[in-house]
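S.K.:
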Amino acid sequence: MIDEAATDFEAVHGARSSGVWAAPGRVNLIGEHTDYNDGFVLPIALPHTTRVAARRREDGRLRLYSAQGDGTITDLALDALAPGVVASWAAYPAGVCWALAEAGFAIGGADLFIDSDVPTGAGLSSSAALECATAVALNDLYELGLTAPELALIAQRAENAFVGVPCGVMDQMASACCTDGTALFLDTRTLEQRHVPLDLAAAGLRLLVIDTRVKHDLGDGAYAALRAGCERAAELLGLPALRDLPAAGLEAALDRLPDELRPLVRHVVTENGRVAAAIEHLDGGRIAELGPILTAGHASLRDDFRVSCPETDLTVEAAVAAGALGARMTGGGFGGSVIVLVEAERVAEVSAAVEGAFRSAGFAAPVTFTAVPSAGARRVG
Ligand code: ADP
Ligand code: MG
Numbered sequence: 002m003i004d005e006a007a008t009d010f011e012a013v014h015g016a017r018s019s020g021v022w023a024a025p026g027r028v029n030l031i032g033e034h035t036d037y038n039d040g041f042v043l044p045i046a047l048p049h050t051t052r053v054a055a056r057r058r059e060d061g062r063l064r065l066y067s068a069q070g071d072g073t074i075t076d077l078a079l080d081a082l083a084p085g086v087v088a089s090w091a092a093y094p095a096g097v098c099w100a101l102a103e104a105g106f107a108i109g110g111a112d113l114f115i116d117s118d119v120p121t122g123a124g125l126s127s128s129a130a131l132e133c134a135t136a137v138a139l140n141d142l143y144e145l146g147l148t149a150p151e152l153a154l155i156a157q158r159a160e161n162a163f164v165g166v167p168c169g170v171m172d173q174m175a176s177a178c179c180t181d182g183t184a185l186f187l188d189t190r191t192l193e194q195r196h197v198p199l200d201l202a203a204a205g206l207r208l209l210v211i212d213t214r215v216k217h218d219l220g221d222g223a224y225a226a227l228r229a230g231c232e233r234a235a236e237l238l239g240l241p242a243l244r245d246l247p248a249a250g251l252e253a254a255l256d257r258l259p260d261e262l263r264p265l266v267r268h269v270v271t272e273n274g275r276v277a278a279a280i281e282h283l284d285g286g287r288i289a290e291l292g293p294i295l296t297a298g299h300a301s302l303r304d305d306f307r308v309s310c311p312e313t314d315l316t317v318e319a320a321v322a323a324g325a326l327g328a329r330m331t332g333g334g335f336g337g338s339v340i341v342l343v344e345a346e347r348v349a350e351v352s353a354a355v356e357g358a359f360r361s362a363g364f365a366a367p368v369t370f371t372a373v374p375s376a377g378a379r380r381v382g
């Protein structure tokens, strides 16, 4: 796939690329909707990546081609880039160039060829993979010397301010910073991070990712509304962020909030607690104990945060009923993917149970793969 990116670059741009870079998609084990509340998350990078073959240009132009695009090159003048100017998928890589320039790292131009096997819009963060692959390529091509967390912040700024999606920092940090064989325990306030070993195979376990292939359109506006609700609750409680509300103070805090904000706050506080519990189990070598934490996290997203949907609920229900250790939707919600922790010998049984449940409900067949904790953004060729 790496050689292919270099060959395809040449066919599209008519010159040889200087290198190939890759950045992965991610699934979050636990800690959902906590990143914009200054809380804790625990993602892993997927083996699925977005590759960027690239070379410098000296004429201030950014020429972008994606194998997942419409077969044409998007040709942009770097000095004309501004939020709202680029409407297509090209806003993600162009936004990275814009955010770099805003941070004082203007580049002279680039040709990019992009190819990806991260499913788009499936809650697996193809957008962060595209941003981070672009960022790491430009960082090397122009010897900018930025660290992986710094590149993640550039990528997040591109998505927030240039593309216009008010996401937290988890997706970009996961894509930029994860390492092979570990989960990333991240404090989204301090950006302090720890790579926690996660050898599923050695424990006789598998992590399935089941893409429900559902994306409900209410997603984007609903995400912004949830985020605003959390920020409003923190303000009413006189806290910088919901992360500052300890579990012991939850009940008293809920009494001080209007009805509609209570379930949001309950989710965020209990979810931060679930990340802490998950870390304790991983540090103690008890990976299977994550199962009930995942399922409890899903119940909280379904009943309190209300971002699940019939397809994700059915996946979790069917998987757990068929003997999975635990399951939850992952990503922002309103569709997307579900992760399932399962003993290796039960994979076939659990997958078949979910497929059967989808058939009975009249839902289109889901797509299932096994996830192993993989490496973050890097040069690959
Ligand atoms: P997710 O990040 O969960 O996959 P998003 O809606 O955040 O979903 O991002 C998906 C969007 O990112 C796509 O609609 C497209 O605009 C862009 N994108 C991601 N990967 C690629 C790619 N390989 N080529 C072109 N655009 C891409
Ligand atoms: Mg995304």
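Each number in our numbering corresponds to the 1-based position in the sequence shown with 1 added.
From the three backbone atoms N, C-alpha and C, an ideal C-beta is built for every residue, glycine too.
1) Can you tell me the Cα-Cα spacing of Val-42 and Gly-15, whole angstroms?
2) Assuming Thr-135 and Leu-154 make a contact with CB atoms under 8 angstroms, what is their CB distance in whole Å?
3) When the distance is taken between beta carbons, is Asp-39 closer than 7 angstroms to Ala-242?
4) Taking all protein chains shown into account, do 16 or more other C-beta atoms lie within 10 angstroms of the C-beta of His-217, making it buried, or fewer, making it exposed?
5) In terms of residue numbering, what span does the alpha helix (DSSP H) encompassing Trp-99 cover?
6) Which residues mark the beginning and the end of the alpha helix (DSSP H) in which Met-174 is found?
7) So, with DSSP's three-state summary, where would you put Gln-194?
8) Would Arg-207 pass as a contact of Val-348 if the rule is Cβ separation under 7 angstroms?
9) Is Ile-115 a contact residue of the ligand ADP, with contact defined as CB to any heavy atom under 6 angstroms?
10) On a Cα-Cα basis, can you pick out the residue from Val-137, Arg-244, Glu-193, Glu-132 that is closest to Gly-274?
11) Using beta-carbon positions only, say whether Ala-175 and Ala-376 come within less than 7 angstroms of one another.
12) If I'm right that His-49 touches Gly-26 with Cβ under 8 angstroms, what's the distance once you round it to whole angstroms?
13) Go ahead and label Gly-336 buried or exposed: buried means 16 or more other beta carbons lie within 10 angstroms of its beta carbon, across all protein chains shown.
14) For the ligand MG, I want to know if Ser-128 counts as a neighbour, meaning its beta carbon is within less than 6 angstroms of at least one of the ligand's heavy atoms.
15) Tell me which same chain residues have a C-beta within less than 6 angstroms of the C-beta of Leu-131, skipping the five on either side of it?
16) For a quick check, are the C-beta atoms of Leu-291 and Ala-279 less than 7 angstroms apart?
17) Compare the beta carbon distance of Thr-75 and Ile-211 with 7 angstroms and say whether it is the shorter of the two.
18) Could you check if Thr-50 belongs to the surroundings of the ligand ADP, using beta carbon to heavy atom distance under 6 angstroms?
19) Can we count Gly-336 as close to the ligand ADP, meaning its CB is less than 6 angstroms from some heavy atom?
20) From Val-270 to Leu-295, what does the alpha carbon distance come to, in whole angstroms?
21) Could you give the distance in angstroms between the alpha-carbon of Glu-344 and the alpha-carbon of Ala-107?
22) State the DSSP-derived secondary structure class of Tyr-66, mapped to helix, strand or coil.
23) Within 10 angstroms of its Cβ, does Pro-367 collect 16 or more other Cβ (buried), or is it exposed?
24) How is Ser-361 classed by DSSP in three states: helix, strand or coil?
25) Who are the near neighbours of Pro-264 in its chain, counting only those whose CB is closer than 6 angstroms to its CB and skipping five residues on each side?
26) Check for me: the alpha helix (DSSP H) holding Phe-10 runs from which residue to which?
27) Just the Cα atoms here: how many angstroms apart are Ser-18 and Gln-194?
28) Tell me the rounded alpha-carbon separation between Val-164 and Glu-346.
29) On the DSSP letters alone, give me the boundaries of the alpha helix (DSSP H) that Gly-324 sits inside.
30) The alpha helix (DSSP H) spanning Asp-256 covers which residue range?
31) Thinking C-beta only, is Leu-209 closer than 7 angstroms to Val-341?
32) Need the endpoints of the alpha helix (DSSP H) that Leu-147 sits in, please.
33) Determine the extent of the alpha helix (DSSP H) in which Pro-264 is found, giving its start and end residues.
34) Under a three-way DSSP split, which group does Ile-31 fall into?
35) Roughly how many whole angstroms lie between the Cα atoms of Asn-158 and Trp-90?
36) Give the straight-line distance between the Cα atoms of Val-97 and Asp-60, rounded to the nearest whole angstrom.
M.R.: On the basis of the supplied data:
1) 43 angstroms
2) Not confirmed; about 14 angstroms, so no contact.
3) yes
4) exposed
5) 92 to 103
6) 171 to 178
7) strand
8) yes
9) yes
10) Arg-244
11) no
12) 5 angstroms
13) buried
14) yes
15) Thr-51, Tyr-93
16) yes
17) no
18) no
19) no
20) 15 angstroms
21) 49 angstroms
22) strand
23) buried
24) helix
25) Asp-305
26) 3 to 14
27) 34 angstroms
28) 43 angstroms
29) Gly-324 -> no alpha helix (DSSP H), and no H or E assigned at all.
30) 251 to 256
31) yes
32) Careful: Leu-147 lies outside any alpha helix (DSSP H) and carries neither H nor E.
33) 263 to 284
34) coil
35) Checking the sequence, you will find Arg at residue 158 rather than Asn. Rounded to the nearest angstrom, the two C-alpha atoms are 16 angstroms apart.
36) 18 angstroms
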